[in-house]
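Trainee:
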Amino acid sequence: MNNLCFGLMLSVIASLTLTSSPSLANTDEITVVKMCAFDPIGGNGPIYQAFVDYQTAALAWGAKLELTPYTDERVASEDFKSGVCDVVNLSGIRARSYNHFTGTLDSIGSIPTYEHLRTTLSTLATKKAAKFMVSGGYEVAGILPIGAIYPFVIDKSINSPEKLAGKRIAVLDNAPEMQYMVAQSGMTPVSSTITNVFSKFNNHTVDIAGGPALAFEPMELHKGMEPNGGIINYPMLQATLQLITRPTALPLGFGQKSRSYISRNFEDALKIIIEAEQRIPEKYWIDIENVNEDDWNEVFRQNRIALRDKGIYNGKALTILRKIRCKMDASRSECTALDKE
Numbered sequence: 006m007n008n009l010c011f012g013l014m015l016s017v018i019a020s021l022t023l024t025s026s027p028s029l030a031n032t033d034e035i036t037v038v039k040m041c042a043f044d045p046i047g048g049n050g051p052i053y054q055a056f057v058d059y060q061t062a063a064l065a066w067g068a069k070l071e072l073t074p075y076t077d078e079r080v081a082s083e084d085f086k087s088g089v090c091d092v093v094n095l096s097g098i099r100a101r102s103y104n105h106f107t108g109t110l111d112s113i114g115s116i117p118t119y120e121h122l123r124t125t126l127s128t129l130a131t132k133k134a135a136k137f138m139v140s141g142g143y144e145v146a147g148i149l150p151i152g153a154i155y156p157f158v159i160d161k162s163i164n165s166p167e168k169l170a171g172k173r174i175a176v177l178d179n180a181p182e183m184q185y186m187v188a189q190s191g192m193t194p195v196s197s198t199i200t201n202v203f204s205k206f207n208n209h210t211v212d213i214a215g216g217p218a219l220a221f222e223p224m225e226l227h228k229g230m231e232p233n234g235g236i237i238n239y240p241m242l243q244a245t246l247q248l249i250t251r252p253t254a255l256p257l258g259f260g261q262k263s264r265s266y267i268s269r270n271f272e273d274a275l276k277i278i279i280e281a282e283q284r285i286p287e288k289y290w291i292d293i294e295n296v297n298e299d300d301w302n303e304v305f306r307q308n309r310i311a312l313r314d315k316g317i318y319n320g321k322a323l324t325i326l327r328k329i330r331c332k333m334d335a336s337r338s339e340c341t342a343l344d345k346e
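Per our numbering, the sequence shown starts with residue 6, numbered consecutively.
#1: State the beta-bridge partners of Val-195 as determined by DSSP.
#2: Identify whether Thr-73 lies in helix, strand or coil by the three-state DSSP scheme.
#3: Looking only at its own chain, which residues have a Cβ that is under 6 angstroms from the Cβ of Ser-115, when we skip the five neighbours before and after it?
#4: Assuming Ala-274 and Pro-150 are in contact, meaning their beta carbons sit under 8 angstroms apart, how far apart are those beta carbons, in whole angstroms?
#5: Can you name, in chain order, every residue of its own chain whose Cβ lies under 6 angstroms from the Cβ of Asn-319, other than the five neighbours on each side?
#6: Could you tell me which of Pro-256, Tyr-103, Met-333 sits nearest to Lys-86, measuring between CA atoms?
#7: What are the residues that DSSP puts in a beta bridge with Leu-95?
#8: What do you reckon, are the CB atoms on Ala-254 and Val-57 nearer than 8 angstroms?
#9: Tell me, please, whether the segment 212-219 touches the segment 48-62 by the rule of three or more beta-carbon pairs shorter than 8 angstroms.
#10: Quick check: the Cα distance between Gly-88 and Gly-67, rounded to an integer number of angstroms?
#11: Does the Cβ of Ala-342 have 16 or more other Cβ atoms within 10 Å, making it buried, or fewer, making it exposed?
#12: Just the Cα atoms here: how many angstroms apart are Gly-141 and Ile-249?
#13: Could you check if Gly-152 is buried or exposed, using at least 16 other CB atoms within 10 Å of its CB as the buried criterion?
#14: So for Met-333, helix, strand or coil by DSSP?
#15: Based on the DSSP secondary-structure assignment, which residues constitute the bridge partners of Trp-290?
#16: Short of 8 angstroms in beta carbon distance, which residues of its chain neighbour Gln-60, apart from the five on each side in sequence? Order them along the chain.
#17: Looking only at its own chain, which residues have a Cβ that is under 7 angstroms from the Cβ of Leu-23, when we skip the five neighbours before and after it?
#18: What separation, rounded to the nearest whole angstrom, lies between the Cα atoms of Gln-283 and Glu-272?
#19: Between which two residues does the beta strand (DSSP E) carrying Tyr-143 extend?
#20: Considering only their Cβ atoms, is the gap separating Ser-336 from Asp-299 smaller than 8 angstroms?
#21: Go to Met-230, then tell me how far its beta strand (DSSP E) extends in each direction, as first and last residue.
#22: Buried or exposed: Pro-232, going by 16 or more other Cβ atoms within 10 Å of its Cβ?
#23: Do Phe-157 and Ile-98 have their beta-carbon atoms positioned less than 8 angstroms apart in this structure?
#24: Per the contact definition of three or more C-beta pairs closer than 8 angstroms, is the segment 301-315 in contact with the segment 181-196?
#25: For Asn-270, count neighbouring C-beta atoms within 10 Å of its own C-beta (all shown protein chains included) and say buried if the count is 16 or more, exposed if not.
#26: Measure from the alpha carbon of Leu-257 to the alpha carbon of each residue in Ala-146, Ala-55, Val-93, Leu-129, then state which is nearest.
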């Protein structure tokens, strides 16, 4: 459900703003490259402005980026695919069509905490992991966190998997994993768009909507949680923003330099996300019991396995994520499961 949050993560993406300027490459060696820069606000938005700053760093790697703003992510992706541009920034779910491996990072329940996320993204930014960043003529040149996606509910009694049956949940068309999970849980899907999902929650047209903490204030989600709603304090997934490139159009080594650069901004982005979570009044958070946590983990795990078998999730990525989870907590039941990922 990560693409519910595009217009709400602007300050996180703005953390890309340069803190230092690398030495510029020789002007004779500069390659001009067009970028489809997605920002729901357009050319005046902070995502777009962050990539204006990123342009300066890219010059040091031998590329002059010419940015074209897009307010529609789908159109930006289609123009990139057709060759209008050679660089584009996309959500993890939409990036999956270009890189099955990195598109699986946004899988249900696979990255439980920000510590898991830190380990995952720092590992993938290394040269050793570069082989996973290239697929089908495309390269992922950086991955940024958008924040944990929490279930916002209109009633605090909706706090365990067995209580999901019959509940109305907002689902976007390009999130097949959520459509599958909804079907398996007996929930009622309500087709929604990025522009109306939170208004539907606030109007109680749906009982559940997934979103990041950064959505709480700008979308006034307290309205939807009155009088007895809240936020289940257990992330459904970690949302990412991914920079996709056509490496043949870029200088040699651009991708790795970009990944290293973006990785160095992780802590700044994470600080913004955590501060947003801390600003949410404590009364809205719904803490779940350990037994319920185990139930959620197993529901998420079974969904990941089924979606892997359907070809939606990448098996290698799921295995790496499982190893990270088990390295950090070997007592998890999945670590000894016969059908472990």
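Even glycine gets a Cβ: it sits at the ideal position worked out from N, Cα and C. Computed from a predicted structure; not experimentally measured.
Mentor: Walking through what the data contain:
#1: Ala-175
#2: strand
#3: Leu-326
#4: 5 angstroms
#5: His-105, Phe-106, Thr-109
#6: Tyr-103
#7: Gln-247
#8: no
#9: no
#10: 20 angstroms
#11: exposed
#12: 12 angstroms
#13: buried
#14: helix
#15: Ile-236
#16: Lys-69, Leu-70, Leu-72
#17: Confidence at Leu-23 is low in this model, with a pLDDT of 42, below 50, so the placement of that residue is unreliable and no value is reported for it.
#18: 16 angstroms
#19: 143-158
#20: no
#21: From DSSP, Met-230 is part of no beta strand (DSSP E); its letter is neither H nor E.
#22: exposed
#23: no
#24: yes
#25: buried
#26: Ala-146
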